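Residue numbers (my numbering): 62 to 233. Ideal Cβ placement from N, Cα and C applies to all residues, glycine included. It should be emphasised that the depicted structure is a prediction, and the values quoted were computed from it without experimental measurement. In what follows, a structure is listed as structure tokens, so that the remarks can point back to it.
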């Protein structure tokens, strides 16, 4: 059983500990058209592929995913991937409940708390499709800094798209 985090009244439940209802809710979010359209793999994920992914997380210590809940209200999902303890960094990922407005900041701040305060990381990196203006605004509001561009990095919507790299250093 993985550690459950609590921060500002929100609970982060590790994917390896999800209950059946939570498993289906996460898959529902992931496959929602407003969410999957921004993913490198935008195809609909099958239940079996989702279950296989959840199982793989049990043996992948450098990758952690959480579902964020306030009481029984699902806010969204966040992850730390490519966690490098030696260099104290990781890649951050996030997607919110498509039915919720204004919870991206809350999830992002919780992920920073986990990364910086609990895991002791020094820096976070994320990638975002250049046309995902809402996500970019959220990252910039939360003091992530644009550090580079991967030109024509992914093929989406019948054309190559730029991917922006953002980063944040632990201020403590």
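- For residue 188 and residue 69, the gap between their C-alpha atoms comes out near 26 Å.
- Inclusion of residue 231 and residue 183 in the CB contact set at 8 Å is warranted, their separation being smaller than that value.
- Inter-segment contact for the segment 162–178 and the segment 126–143 is present: three or more beta-carbon pairs are separated by less than 8 Å.
- Excluding the 5 residues flanking it on each side, residue 82 has no same chain C-beta neighbour closer than 6 Å.
- Annotation: residue 78 is outside any beta strand (DSSP E) and is labelled neither H nor E by DSSP.
- In this structure, the CA atom of residue 76 is about 12 Å from the CA atom of residue 66.
- Under the DSSP assignment, residue 227 falls in the beta strand (DSSP E) whose first and last residues are 220–230.
- DSSP places residue 194 outside any beta strand (DSSP E); the residue lies instead in the alpha helix (DSSP H), whose first and last residues are 194–202.
- In the structure shown, the three-state DSSP call for residue 138 is strand.
- DSSP assignment within the segment 80–105 yields the following whole alpha helix (DSSP H) runs of 4 residues or more, N-terminal first: 81–92 and 94–97.
- Here residue 151 is near residue 176, since their CB atoms are less than 8 Å apart.
- The beta carbon of residue 198 lies closer than 6 Å to none in the same chain, with the five residues before and after it left out.
- Non-local C-beta neighbours of residue 130 in its own chain, meaning closer than 6 Å and more than five positions away in sequence, comprise 72, ordered along the chain.
- Annotation: residue 116 to residue 79 spans about 11 Å, alpha carbon to alpha carbon.
- In the DSSP assignment, residue 174 forms no beta bridge with any residue.
- Here the C-alpha atom of residue 211 lies approximately 6 Å from the C-alpha atom of residue 225.
- Residue 168 holds the alpha-carbon nearest to the alpha-carbon of residue 153 among 119, 98 and 168.
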